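K.L.:
Below is one structure. I have some questions about it.
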Amino acid sequence: MAPVLNRRDLSFQLFEVLPTADLTSRPRFAEHSREVYEDVLKVAHSVAERYFANHAREADLHEPHVVDGRVVLPTAMTDAMRAFRDAGFFSAHHDEDLGGLQLPWVVMQAVQAHFQAANVATSGYPFLTIGNANLQRVFASPEQQRRYMLPLLEGRWFGTMALSEPHAGSGLADITTTATPRGDGTYAITGTKMWISGGEHELSENIVHLVLARIAGGPAGVKGISLFLVPRYRVNEDGTPGEDNHVVLAGLNHKMGYRGTTNTLLNFGEGGETIGELVGEPGRGLAQMFHMMNEARIGVGMGAVMLGTAGYMESLAYARERRQGRHASQKDPAAPPVAIIEHADVRRLLLRQKVFVEGGLALGLYASLLVDDTQTGPEGGRADAGLLLDLLTPIVKSWPSRYSQEALSDAIQVMGGAGYTRDFNVEMYYRDNRLNPIHEGTEGIQGNDLLGRKLTQAGGRGLNILLGRMEADLNASEGLEGLDEIRAALRQAITWNTQALGAILPRAAELGPDLFLANANSALEMLGHTVVGWMWLRQAATASRALPTARADADFYHGKLHAARFYATHELPKVRAHADLLASADRTTTDMHSEWF
1 MAPVLNRRDL
11 SFQLFEVLPT
21 ADLTSRPRFA
31 EHSREVYEDV
41 LKVAHSVAER
51 YFANHAREAD
61 LHEPHVVDGR
71 VVLPTAMTDA
81 MRAFRDAGFF
91 SAHHDEDLGG
101 LQLPWVVMQA
111 VQAHFQAANV
121 ATSGYPFLTI
131 GNANLQRVFA
141 SPEQQRRYML
151 PLLEGRWFGT
161 MALSEPHAGS
171 GLADITTTAT
181 PRGDGTYAIT
191 GTKMWISGGE
201 HELSENIVHL
211 VLARIAGGPA
221 GVKGISLFLV
231 PRYRVNEDGT
241 PGEDNHVVLA
251 GLNHKMGYRG
261 TTNTLLNFGE
271 GGETIGELVG
281 EPGRGLAQMF
291 HMMNEARIGV
301 GMGAVMLGTA
311 GYMESLAYAR
321 ERRQGRHASQ
331 KDPAAPPVAI
341 IEHADVRRLL
351 LRQKVFVEGG
361 LALGLYASLL
371 VDDTQTGPEG
381 GRADAGLLLD
391 LLTPIVKSWP
401 SRYSQEALSD
411 AIQVMGGAGY
421 TRDFNVEMYY
431 RDNRLNPIHE
441 GTEGIQGNDL
451 LGRKLTQAGG
461 RGLNILLGRM
471 EADLNASEGL
481 EGLDEIRAAL
491 RQAITWNTQA
501 LGAILPRAAE
511 LGPDLFLANA
521 NSALEMLGHT
531 VVGWMWLRQA
541 ATASRALPTA
551 RADADFYHGK
561 LHAARFYATH
571 ELPKVRAHAD
581 LLASADRTTT
591 DMHSEWF
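Residues in the sequence shown are numbered from 1 upward in steps of one, following UniProt numbering.
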């Protein structure tokens, strides 16, 4: 069986391209070392391989179903959650006095990458639980943290986010779930939530929902949205789960992929009173929920990368073993067939996969390190790290989601008819990943966020920071062997970006929001492809510096240099088309009448 994760590449990204080992100079991580981080990653690999990968196909073929009012999941999931909990991963990045290891977020994301690659559906349960606890750590009261967060960190209870509703979807300004004061500081929650991943199961003692709702009589729109902690079972004074809180499973959504993660329709207040507790101030719910959503967006991007990586690893192994056809120059029909990796078009397909998934991994880990920089970095640089992180987040979520899908399509193509069957896992990965361009904000939402907000935030400071960092890496790589193509192509792409943004941003008021945002997807594609080109420059520069003294790893570093060259010649030229379209303020989509379809 092909590995689902390239551990050598993960180590390269963490400890050669990124200064992860240097984080130990920060007080929060002073007790750590590179060896500690590597040991943690070894544990993650062992748990993922033994307890997650073993039932990925089973969870796909035997999706969640309801028996006697209870959701039934593969029994192996219970073992997986126990192993994840026993390894301490639910709380690993939290303070020691909360039972954590104070791991950097970039290391924690690398830990989670193992589970996303091994079994993305089962990894969804701890993914949501960790995000729920992280939000509570910032916004919940000390008493709420004691009652609701600590059991999540212990892995005894699980968590969700409950935002969407059947009629609203991503239009959160239109939600109708209502919170009515009960007179004792708590609220009665009534309404229906849709698309709630992990919303019902028997994997934990309790489920803590973070629910967006309107306090009765509050204003319309997003200003009237508040955030509530709503447990599946009410919590007794001693902290144990008590009586039913009337969060009722109304149905399961049957999905194309990610089948092992329950996806639910939940009714609040059906058959009795559903009691919730307000988190923070009224009317601040959406802003608070963005803490979890932005974290989840990076996680979605990383999950997409790992699905793409798993497909790449499987198709690469297949291409090395499958013998078919001969070189175009080989005219002797009696000559033995060659491995299909010898054919130029198969190498093209494999190179596309390599640059997409390894570029996406570099981007996801870079963004994760920025999270650490905003929290533990030098005081003077935290604000800049935050602005850069804000700018990159829509790209981190969307670019890997889209291009891992292309990578997985290429993986199927490499394997031919075999890739189209259930005898191999790539068709499952393809179905799983198709969710990633949708959930936690569609590509359209991410494009509007990037062009409409992030590029002009703080007077465009985030963009200036990004351009400055790219320029610094271009200067630092000057003269390194093997980088000519990627350096030249990246400089050209940056020029196209700055010209396009210089043309469109000053016209925002003149064009009006509808036309200004009409081609926001081109901004997302243009800047996304350029940023990943930057990631490939950083990888290539690291490889070039390492090659003179490399021995066993020489092939690895040569592969990085050649992949960067491929990205420069095959992918970065695509930036121009998006830049030209964006700069033109093209009206084709806005001028199309709905009746003409």
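Idealized CB from N, CA, C, for every residue including glycine.
Source: prediction; values computed, not measured.
1. Could you check where the beta strand (DSSP E) with arginine 234 kicks off and where it finishes?
2. Can you give me the C-alpha to C-alpha distance between aspartate 586 and asparagine 519, rounded to a whole angstrom?
3. Between the Cα of glutamine 112 and those of Ala162, Lys193, Ala44 and His570, spot the shortest distance and give me the residue it belongs to.
4. Quick check: what's the CA-CA separation for aspartate 184 versus glutamate 277?
5. Who are the near neighbours of alanine 87 in its chain, counting only those whose CB is closer than 7 Å to its CB and skipping five residues on each side?
6. According to DSSP, what are the bridge partners of lysine 454?
7. Quick one: give me the first and last residue of the alpha helix (DSSP H) that arginine 297 is part of.
8. Since threonine 177 and proline 104 are thought to touch, with beta carbons under 8 Å apart, how far apart are those beta carbons, to the nearest angstrom?
9. How about serine 141: is its Cβ closer than 7 Å to a heavy atom in the ligand MN?
10. When you compare only the Cα positions, how much space is there between leucine 369 and methionine 108?
11. For glycine 364 and lysine 331, I'd like the C-alpha separation in whole angstroms.
12. Decide if the segment 338-349 is in contact with the segment 419-429; the criterion is three or more beta carbon pairs, one per stretch, under 8 Å apart.
13. Short of 6 Å in beta carbon distance, which residues of its chain neighbour glycine 311, apart from the five on each side in sequence? Order them along the chain.
14. Is the segment 195-204 touching the segment 248-268 in the sense that three or more CB pairs, one from each, lie closer than 8 Å?
15. Would you check if there are 3 or more beta carbon pairs closer than 8 Å linking the segment 233-243 to the segment 163-183?
16. Pick out whichever of Ala362, Thr498 and Lys574 has its Cα sitting closest to the Cα of glutamate 16.
17. Can you tell me where the beta strand (DSSP E) holding arginine 214 begins and where it ends?
18. Tell me whether valine 426 sits in a helix, a strand or coil according to DSSP, three-state version.
19. Using the C-alpha atoms, what's the distance from glutamate 165 back to isoleucine 298?
20. Please give the ranges of any beta strand (DSSP E) in the UniProt domain "Acyl-CoA oxidase/dehydrogenase middle" (161-265), keeping only runs that are unbroken, at least 3 residues long and fully inside the region.
21. Less than 8 Å between the beta carbons of valine 300 and serine 170, yes or no?
22. Taking all protein chains shown into account, do 16 or more other C-beta atoms lie within 10 angstroms of the C-beta of threonine 393, making it buried, or fewer, making it exposed?
23. Determine the DSSP secondary structure at glycine 272, reduced to helix, strand or coil.
24. Indicate whether serine 544 and leucine 451 have their beta-carbon atoms separated by less than 8 Å.
25. May I ask you to report which of helix, strand or coil DSSP gives arginine 70?
26. If I measure Cβ to Cβ from leucine 83 and keep anything under 8 Å in the same chain, skipping five residues before and after, which residues do I get?
27. Given that a residue counts as buried once 16 or more other Cβ atoms are within 10 Å of its Cβ, and exposed if not, what is glutamine 324?
28. Determine whether the Cβ of arginine 70 lies closer than 8 Å to any Cβ atom of chain D.
29. Identify, in the order they occur along the chain, each residue of the same chain with its Cβ nearer than 7 Å to the Cβ of arginine 565, setting aside the five sequence neighbours on each side.
30. Hey, would you say threonine 192 sits closer than 8 Å to leucine 265, going by beta carbons?
31. Check glycine 479 in the structure and name its three-state DSSP category.
32. In the UniProt domain "Acetyl-CoA dehydrogenase-like C-terminal" (467-592), which residue ranges form an unbroken alpha helix (DSSP H) of at least 4 residues, counting only runs that do not cross its ends?
33. Quick one: what's got a C-beta closer than 7 Å to aspartate 449's C-beta in the same chain, skipping five residues either side?
34. Would you mind listing the beta strand (DSSP E) stretches within the segment 5-77 that are 3+ residues and don't spill past its ends, in chain order?
35. Whose CA, out of Ala367, Asn119 and Asp580, lies closest to the CA of leucine 18?
36. Using C-beta distances below 6 Å, list every residue in its chain close to alanine 500, excluding the 5 sequence neighbours before and after it, in chain order.
P.N.:
With the structure as the only source:
1. 233-235
2. 7 Å
3. Ala44
4. 10 Å
5. Val43 and Val47
6. None, per the DSSP bridge assignment.
7. 285-321
8. Actually they are not in contact, since the Cβ atoms of threonine 177 and proline 104 sit about 36 Å apart, beyond 8 Å.
9. The ligand MN is absent from the structure shown, which contains no ligands of any kind.
10. 10 Å
11. 46 Å
12. no
13. Leu408, Ala411, Val426 and Tyr429
14. yes
15. no
16. Ala362
17. 206-215
18. helix
19. 23 Å
20. 178-181, 186-197, 206-215, 225-231, 233-235, 241-244 and 247-252
21. no
22. buried
23. coil
24. no
25. strand
26. A small correction: the amino acid at residue 83 is alanine; leucine does not occupy that position in the sequence shown. Closer than 8 Å at the Cβ level, and outside the excluded window around alanine 83, lie Val47, Arg50 and Tyr51.
27. exposed
28. This model lacks chain D altogether, as it is built from one protein chain only.
29. Glu485 and Ile486
30. yes
31. coil
32. 484-504, 508-516, 520-546, 554-566, 575-584 and 588-591
33. Pro394
34. 65-67 and 70-72
35. Ala367
36. Ala579, Leu582 and Ala583
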